[in-house]
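Protein chains in written order, with my numbering: chain A, 3 to 348; chain B, 6 to 563.
Every residue, glycine too, gets a C-beta built ideally from N, C-alpha and C.
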Amino acid sequence: MGIVANRSTKAAAVRRGLLAAMAACAGFAHGAAMARDEHDVVTAGVAAVEVIVPLPRSVPADPARAALGGRLFADPLLSRDGSRSCASCHPLEHGGVDGLPRARASDGRALLRNSPTVFNLAFDLFYNWDGATESLPTHDARVLRNPALMGMDEQELLVRLKRDPSYRQAFAQCYPGGISVGNVLDALATYERTLVTPDSRFDRFLRGERSALNAEELRGYGLFRSLGCIACHQGQNIGGNLLQRFGVFEDTSAGRRAGEPVDYGRYVATGDEADREVFRVPSLRNVAVTAPYFHDGRAPTLSMAVATMARVQLGRNVPEQDIASIVAFLGTLTGRYQGRELRAPQ
Amino acid sequence: MSSTHEPLRILLPAAAALLLLALLTLLSVGSRSTELALLDRMQGSLQSYELRDTELTRDALLSRAGLLPNYDPLADDRSAMRAAIGQLQQVVGEASHATQQALQQPLAALVADQQAKLAAVERFKSGNALLRNSLLYFAYVGPALRLPLQQQALAARLGRLSYAVLSFLQSPTREVEQEILSLLAAMEHAPGGGPDLDSLVAHGRLLVRVLPRVDQQLQAIHASPIGARVQALREAAMARGAAEERLAQHYRQGMYAASLCLLASIAWLLARLRSRALALRSAEDRLRRQRMQLLESNKLATLGLHLEGVAHDLRSPLQAVRSSASQVARVWPGLQAAMDRMAASDPALQLDDMPWHSLRPVLESLPDDLQAQSAALSDLAQYLLDFGRPRAAGQQAAFDLNKSIGQALRLVRHSIRRRTDRFELQLAEGLPPARGDPFALGQVLVNLLDNALHALAGRQQAVRIRTRLSMHGGLCVEVEDEGHGIAPEHMARLFEPFFTTKQGRGGTGLGLGLSRAMLESMGATLDIASTPGVGTRATIIMQAAARGPATGGNDGQH
């Protein structure tokens, strides 16, 4: 049944996509008119509206397990020295990121990547900047074990949890098997999948609320489409489902901070030459509150990030004014968690 | 049946039944074959996996054609395929060793091909995103370049470039690629071009580089042998399923055979149980009867004990009666003469209202009668006393057989009269004295007579007692009746203690066995011959006493 339903919606999406492609062909034939008129672009965008899909307002989850996962997420007990929890690098009140260019390693020495947000990861295909894992529990297990992050030994974790009567009770209520590594990871993943930020102004716009975006933001959306940002940042999560080379038109090594080693991206995970400098295309949802940007946090502001992207990925030098419009549009992607709009770290 | 074999005969079939039951359980577990259900589940997973794989290929093609709005469907397909293969691996992991052996290799091949295909899909997605972006740029920027009139050459090149790109999209041949690259080289850094033109050149070069790669990836996706791998896995699973089914078939056949055996052994046990129950019930009946007979014989024994006392008590008054009678007999002639004299003087002399002359003949025999009858009574009392007196086994004495028989018959005279009109006593004359215990013989005779009388159906049927000299110098007593006879099946058990056919009619079942035992203790024998419907004859052979002839026979008729 699920497959059938999925296929029918997919067929509808394909039909609409076909319409959009025909509209684009018409644009190609007629040329000039489309390019300079943002309104036309937006009108065309309405036809191709399913390139970006609004987030669901709620996700199904076992409430008890999610609550248990939430407690684990915020509990420093999960780190070897008890100094940090998941929430240390992913504070939910601040867009799910720590606001640092690179995450702090627990030993203070290892060089890490920028902390990606935990929001909306249910709609990502890959995890980590290099897309090394596709399963959330596997990803969480890696983070737990990583000596630079939580450095936790699984047996030690079980010992600690079993020592706490309230954890024993909560696990017994949620899982027939009680406390186990698998159940810890499942509770965490269950909770993390509930971290969804629906009802961004842009989602409201997609749902038909035309006044949700002002003229500037509309213009930004038009540029986002016409410049080609949308070629990679698409889908429900506006990214997160694709891998791409960082630096299609330009070498990006120049942007690295002095003294930092080269991060070969997905190559680190796969060892495949074709994966050098390949990173996950991150979701742009809540992008305005998750500065700094890129895997090494090299871009402190969104406008710098947009300019870099336009240059190295799209082969364009985009005027300041257009960048400002795009940044304004990106600001409409900030969603709400537990009824409040996300805010950037201080 | 010896008692050591008895528990074995019960235990063996019970153990066999238990063994069969265990075997049946084992077979039933074996025939259930969770493996088949597992393989079924696997076929289901394979089917949904194949469906997802087909969708992935189709979505890649749609994506290349620009007909998919975003890459979410491809991501969904990917996740679904990974989940399905995970499910497959789990199912195979749960399977038996044989199944794992059979499926491991094709499954590993499938997993490897899936990895290759999914990697190709990711590269295709990356390339396709760039390709579509560059195409969009051509569509957007190319015609929008505002070239001044004097840049006719550039405009012409731009036109040629657009058409070259279009035909490259149709068929990316080496010639078209060369043409595009040379056009782009000529346009690069063209005066009056500006940054848009430079971007166009960059996108053109990217397009030429990426397009063949994307199509190559697409071809790899399309040509991925996953379908064949799935088919191989499916066939391997089906072969395993067929093998499992055959095995299950064997188990079912075994189950059927074991069920039959179990049924047979249960039936056998039931039959045994039933026969045992019947035997038990009849044994119980016998026991109850025996107990009643014991009570009965106990009563008789008590009676016998008292008989001696009664006889003893009777003897003293009888002795007095006898001495009185002899005294009367002694004085009677004088008394008679005196009465005669009185009657001569007084002819009307009366005694008890009767005249003396008519009373005299009646009174004449009275003293003798009185003496004879009291002597007979005394004899009877003495016989009863001797009859009832406990005797040492095998007490030997010489006695007159016929006389003993006559004495014993006095005890049963009334019974005989009650039962038959034809009692015949044929006693041989001149028999030698017998050796043994006359009272024991009397007891046996009473017993045999009692049996004979009870066998009679009516008064016209005869009972005979005959004595004669036997062929080997012994003395023979026969008690014969014309009664119903003894059924052949009862003949063998005649001498068993408590065996009786006179159930509830006063028989104790002790008679014949005891009789034979008593006779044997005095060296005599007892044999019974019978013809149903004709009659029964009991034959006693007594030993003759060594010397001293006895007195002659008694009177022939009783």
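Which residues mark the beginning and the end of the alpha helix (DSSP H) in which I421 of chain B is found? 406 to 424
Determine whether the beta carbon atoms of A550 of chain B and R440 of chain B lie at a separation below 9 Å. yes
Should W131 of chain A and P263 of chain A be called a contact, given that it needs their Cβ atoms to be closer than 9 Å? no
Taking a Cβ distance cut-off of 8 Å, strictly less, list which residues of the region 240 to 263 of chain A are near chain B, in chain order. N243, L244, L245, Q246, R247, V250, F251
Under 9 Å between C-beta atoms, does A195 of chain B make it to chain A? no
With I325 of chain A as the anchor, note down where its alpha helix (DSSP H) starts and where it stops. 322 to 333
Tell me which residues of the region 315 to 345 of chain A have at least one Cβ-Cβ distance to chain B shorter than 8 Å, keeping chain order. L316, G317, R318, N319
Please go through the same chain and pick out, in chain order, the residues whose beta-carbon is closer than 6 Å to the beta-carbon of A112 of chain A, but skip the five residues on each side of it. A150
Between the Cα of R3 of chain B and those of B:H477, B:L432, B:R415, spot the shortest distance and give me the residue it belongs to. Past the boundaries of the shown model lies residue 3 of chain B; chain B is included only from 6 to 563, so the question cannot be answered.
Option in A:R203, A:Q315, A:L197 with minimal Cα separation from R247 of chain A: A:Q315
P118 of chain A - DSSP class collapsed to helix/strand/coil: coil
Label L356 of chain B either buried or exposed according to how many other C-beta atoms from any shown protein chain fall within 10 Å of its C-beta, with 16 as the threshold for buried. exposed
Can you name the residues that DSSP bridges to R427 of chain B? B:A467
Using a Cβ-Cβ cut-off of 9 Å, state whether K130 of chain B counts as contacting chain A. yes
In chain order, what residues of the same chain lie with their CB nearer than 8 Å to the CB of E279 of chain A, ignoring the 5 residues before and after it? R247, F248, G249, T254, Y266, G267, Y269
If you check the beta carbons only, do C349 of chain A and L244 of chain A fall under 9 Å apart? As shown, chain A starts at 3 and ends at 348. That puts residue 349 of chain A outside it, with no answer to give.
Selected residue, minimal CA-CA separation from A377 of chain B, among B:R257, B:S331, B:A402: B:S331
Cβ-based neighbour list, T556 of chain B, same chain, cut-off 8 Å, excluding 5 preceding and 5 following: Caution is warranted here: a pLDDT of 44 is assigned to T556 of chain B, below 50, making its placement in the model unreliable, and no coordinate value can be reported.
Give the C-beta separation of A312 of chain A and T303 of chain A to the nearest angstrom, bearing in mind that I take them to be a contact with Cβ-Cβ under 8 Å. Rounded, the Cβ-Cβ distance is 14 Å, inconsistent with contact.
Leaving aside the five residues before and after E184 of chain B along the sequence, list all residues of the same chain whose C-beta is less than 7 Å from its C-beta, in chain order. A169
Any residues in the region 73 to 93 of chain B with a beta carbon nearer than 8 Å to a beta carbon of chain A? Which ones, in chain order? L73, P74, N75, Y76, D77, P78, L79, A80, D81, R83, S84, R87
Coarse secondary structure for V250 of chain A, derived from DSSP in three states: coil
What ranges does the alpha helix (DSSP H) occupy inside the region 184 to 255 of chain A, keeping only unbroken runs of at least 4 residues that lie completely in it? 203 to 208, 217 to 228
Which residues share a DSSP beta bridge with E485 of chain B? B:R469, B:R542
Name the chain B residues whose beta carbon is nearer than 7 Å to that of S168 of chain A? Simply none; closest approach about 33 Å.
Should M359 of chain B be listed as close to the ligand MG, given that the test is whether its C-beta is under 8 Å from any heavy atom? Inclusion of the ligand MG in the displayed structure is not the case, the ligand content being empty and no account of it being possible.
Are S139 of chain B and L212 of chain B touching if we call contact CB-CB under 9 Å? yes
Going by beta-carbon coordinates alone, are R535 of chain B and M496 of chain B separated by less than 9 Å? According to the sequence shown, residue 535 of chain B is Ser rather than Arg. Taking 9 Å as the Cβ cut-off, S535 of chain B and M496 of chain B qualify as a contacting pair.
Got a sec? Which residues, its chain only, sit under 8 Å from M154 of chain A by beta carbon, not counting five neighbours each side? L80, S81, R82, L146, R147
Where does A50 of chain A land, buried or exposed, given buried means 16+ other C-beta within 10 angstroms? Reliability of the predicted coordinates at A50 of chain A is poor, the pLDDT of 43 falling under 50, and the value obtained from them is presented with this limitation in mind. A50 of chain A comes out buried.
Going residue by residue through the region 67 to 117 of chain A, where are the continuous alpha helix (DSSP H) segments of at least 4 residues, counting only ones entirely within it? 88 to 91
Would you mind giving the Cβ-Cβ distance between Q105 of chain B and V97 of chain B, rounded to the nearest angstrom? I have them listed as a contact below 8 Å. 6 Å
Assess, as a yes-or-no matter, whether the region 85 to 96 of chain B is touched by the region 41 to 57 of chain B under the definition of 3 or more beta carbon pairs within less than 8 Å. yes
Anticipated Cβ contact below 8 Å, A290 of chain A with L335 of chain A, distance rounded: 7 Å
Name, please, each residue of chain A whose Cβ falls closer than 7 Å to the Cβ of A190 of chain B. Those do not exist, as A190 of chain B stays about 17 Å from chain A at its closest Cβ, beyond 7 Å.
Identify the contact partners of E127 of chain B in chain A, using a Cβ-Cβ distance below 7 Å as the criterion. L245
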